[in-house]
Every structure is written in structure tokens, then in C-alpha cells.
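Chains as they are written, first to last, in our numbering: chain Y, 1 to 334; chain W, 1001 to 1099.
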């Protein structure tokens, strides 16, 4: 059978539709009951030759992680590999054998990666959830255009579309985490709110974000203190500029306004470079402040650089431990 | 002439070889941001090596370096060392940029 090397206009149009469908499920805030998912989970276990497990549903990612850890201390074994292998091999091969590289890449970018990028990726990464919406959406697309027809995959997809934040499979017990009850985003789809926590879970847990940047205090006593100070403009400007994390600093500066900060600190321009780097001297602060723009995102960042450097481009080169001559050899910047 | 590629807070510099003691990793992710969860990851025929804290990349065929927000860049075939952005803290101590 010849491989699919080019998508039709309708198939191209369907990519964003499938991607959106999965993102909408991830952000649906849908509640979940054991009755809704019992048959699906039993089917998965039986498919792997295992007995139907005890199913436990948790209301937040933290409860899910802690609960799973506590219960598995009694000696349960993960059966994730069996679950994965029971569908993955046949699904993967069906697509590799039927689709050319360019089509595969195109669908991976437009469906799989777009879903992966727009769900709750921060929380996913940080708490090591095994949420599978990214790769499932990729194969779901091939199912919807008729390239793939794998009954096992269809069954798993039907189950995932019921709204699962996380799931872990152990030999006698299956631990499921519900989706958050509220998710707030900015106009670019990033987790964001300056009025309340951007992610709210059913057991009262919260995650605080400003334009996709997390401002959680810590996992065990997270009251969003830093986030609260920022949104109320109660964090002094010097403390804002001293935030350790550069993405938090960027988000805070964008909230306050870079020009506002420059003006309020009465910063004095020392040097300017046509590549978008401005170097400032601030009263009572030893290092100079370098303001620079990311060439691909357009975001404004700031960093402190040595007072001994008085040229903006030299200061930028210093940040990467380079001389100006080396910095001029930068081949690609993004 | 040295060749540099900048991707957000990462800088990749062409080098001749990877140290013998560096070990292969089983990931295509070069770095993950703590506050955003966004990652710099490779797509293509490339292998990441690690020696203590230092990372290297062996690119066999032109390979994309991807990130959720930065535009993709293409690394040409070759060997690279990963270098990080640095800055001073407000008291003047050098620190690696944390994102």
C-alpha cells in the first residue's frame, strides 16, 4: 500500500479541529465518577491479562501523587508498561507504515504538539503526571481521516475523552485524578489570572499563574503570597528586579511595566545598542541593569550585569561569557 | 571561526569532539524551565550526551531545536556544547539564569 504523502485541504482543516477538541477536553473542568470509568479501566486491565483493580479517584494532582505514593508503599507494582505495550506497538506501526514523513511531521506539529503546548503543561511537567493527550490526539487524527482503525486505541481514546487529568496503573489498584474545577487563561491561551488562582482543584488546592508563569510558593503550603503581592503591586520594585527566576521577573515586570520600573527607580541610561539592549545604572544598586528583548517572542527581560561593563552589547555578551567579537558571530538567534 | 546558536537562555557552540567520558542520555530534552514547564527539545537525528553537569549534542542530520514559545532553529550536522546564560544577583554575585 502506498504511503499518504500529502494531506487534502479537508484533512488539513481537520488538524486544528482535532487539536481543539482535545484541548477543550483538557480544559473542560469536567467532573468524574467511578461509575463512568469503571468499565473502561476493567477493560484495560483485562486486556493486559490482569484482574479488575480497585479504582481510587483523587480531586487534585497533589492528592493523586501523595495518595498513590502512600498506597503503593504496601508493595504494589506498576503495570504501566503492560498497558502501554498492549496498544502502542500496533498503533504506532499502523501509522508509520501508512504515512510519509512530511505528513507525519505536519500532523505532529499541528495536532500533537499544539495540544501538548496548550494543556496544563506546567503542572504536567512539575508533578510528573503521565497525561497522554498529546500523543493520543496525534493518533486520533489518523483515526479520523481513516488511516488508523485500531479498536484498542479507539477504546482508550473514548476513555481519555471522559476527562482524565492523570492516571497510574498498579497491579491491584488504579489511581485516577480528576480535571481541575476551574482553569483561567489569558488571550494567548496561557494559564493566567490576576484576580484569583488560575487553576482551582476540587479539594481546595490552587495554582497561581501570570501569563503562563507559575507563582506557586511551594507544594505544601501554597497560598500564592508572591502572586498576591505582585497583583496588588505590593512587591517593592527592587525586590521585583531581584526575583531569582527570570521568567517570574519577566512576568512581574510586564505586570508593572518596564518603563514604569525604569522611571520609578530613576534609572539612568548608560548605553544603548541597536540590537535592542539597553544598559541602566540604578541608584543604590551596585550592578547595572540590562534590559533586552527576546528576538522571537518580543518579551522584555532584565538582568543585572557587572558595573565595570558600560557598553550594552558587551554586557549582553558577558551574560553568555562571550566577548563582543564572539557575540557578533552568533549565527542564529531565537 | 566559532559558530554559535542562541535559543532563549541556551547557547550552543560548535566544538570538535565530545569528551570520551560523556555518557549518552535517553532524552531529547536539553532543558526544562521551572516556572513554565516549557522545554528546549531536539527533533531529528541527534544525541544528547552528559558529563557531570555539562551537556553536549551530536547532530547527525540537520535537527530542529524546539520550544513552546521561542521559534524553532535548525542545528546543522556537527558537535555542540551547551552553554548557559548568566547574570548577577542584586548584590553582584554571579548566578546561572533560572527560568
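Every residue, glycine too, gets a C-beta built ideally from N, C-alpha and C. The structure displayed is predicted, hence computed values, not measured ones.
query	result
Cα-Cα separation between residue 138 of chain Y and residue 1067 of chain W, rounded to whole angstroms	18 Å
Cβ contact (3+ pairs, closer than 8 Å) linking the segment 210-222 of chain Y and the segment 1055-1067 of chain W	no
Beta-carbon proximity of residue 15 of chain Y to residue 141 of chain Y, cut-off 9 Å	yes
Test: residue 104 of chain Y CB closer than 9 Å to a CB of chain W	no
Below-9 Å beta-carbon distance, residue 326 of chain Y vs any chain W residue	yes
Per-residue contacts from residue 320 of chain Y into chain W (C-beta, under 7 Å)	1011, 1083, 1085
Beta-bridge partners of residue 1040 of chain W, as assigned by DSSP	W/1031
Residue interval of the beta strand (DSSP E) (run including residue 1046 of chain W)	1046-1051
Residue 1038 of chain W versus residue 1054 of chain W: straight-line alpha-carbon distance, rounded	20 Å
Test item: CB-CB of residue 302 of chain Y and residue 250 of chain Y under 9 Å	yes
Backbone CA spacing between residue 1099 of chain W and residue 247 of chain Y [nearest angstrom]	5 Å
Proximity test, Cβ basis, 9 Å: residue 126 of chain Y and chain W	Its pLDDT being 43, under 50, residue 126 of chain Y is placed unreliably in this model, and the value from its coordinates should be taken loosely. So yes, residue 126 of chain Y belongs to the interface.
Beta-carbon proximity list for residue 1019 of chain W, same chain, < 7 Å, skipping 5 on both sides	1051
Rounded Cβ spacing between residue 332 of chain Y and residue 176 of chain Y (contact assumed at less than 8 Å)	That belief does not hold up - the Cβ atoms of residue 332 of chain Y and residue 176 of chain Y are roughly 44 Å apart, past 8 Å.
Positions along the segment 174-186 of chain Y whose CB lies within less than 9 Å of some CB in chain W	none
Unbroken alpha helix (DSSP H) run spanning residue 162 of chain Y, endpoints	Premise fails: residue 162 of chain Y is in no alpha helix (DSSP H) and is neither H nor E.
Interface residues of chain Y facing residue 1099 of chain W [CB-CB closer than 7 Å]	245, 246, 247
Under 8 Å by beta carbon: chain Y residues contacting residue 1088 of chain W	287, 303, 304, 305, 306
Segment contact flag, the segment 193-200 of chain Y with the segment 177-185 of chain Y, C-beta cutoff 8 Å, min 3 pairs	yes
Three-way DSSP call (helix, strand, coil) for residue 126 of chain Y in this model	At residue 126 of chain Y, the pLDDT of 43 sits below 50, so the modelled position is not reliable and the matter cannot be decided from this model.
Residue-chain proximity (residue 1072 of chain W, chain Y), Cβ-Cβ < 9 Å	yes
Below-9 Å beta-carbon distance, residue 1005 of chain W vs any chain Y residue	yes
Cβ shell of residue 102 of chain Y (< 8 Å), same chain only, five flanking positions each side left out	5, 6
Beta carbon of residue 210 of chain Y nearer than 9 Å to that of residue 252 of chain Y	yes
Residue range of the alpha helix (DSSP H) that includes residue 139 of chain Y	133-144
Residue 24 of chain Y burial status per 10 Å Cβ neighbour count (16 or more: buried)	exposed
Ranges of the beta strand (DSSP E) found wholly within the segment 27-72 of chain Y, counting only runs of at least 3	54-58
Chain W contact for residue 314 of chain Y (CB, 9 Å cutoff)	no
Cut-off 6 Å between Cβ atoms - residues of its own chain near residue 1003 of chain W, not counting five sequence neighbours on either side	1014
Distance, residue 240 of chain Y Cα to residue 172 of chain Y Cα	49 Å
Cβ-Cβ distance between residue 221 of chain Y and residue 208 of chain Y below 9 Å	no
Touching by the beta-carbon criterion (3+ pairs, under 8 Å), the segment 1054-1063 of chain W and the segment 1039-1046 of chain W	yes
Proximal residues of chain W, C-beta to C-beta of residue 330 of chain Y below 8 Å	1004, 1005, 1006
Residue-level contact to chain W via CB, residue 294 of chain Y, 9 Å cutoff	yes
DSSP beta-bridge partners of residue 280 of chain Y	Y/269, Y/289
DSSP beta-bridge partners of residue 294 of chain Y	Paired residue(s): none; residue 294 of chain Y is not in a bridge.
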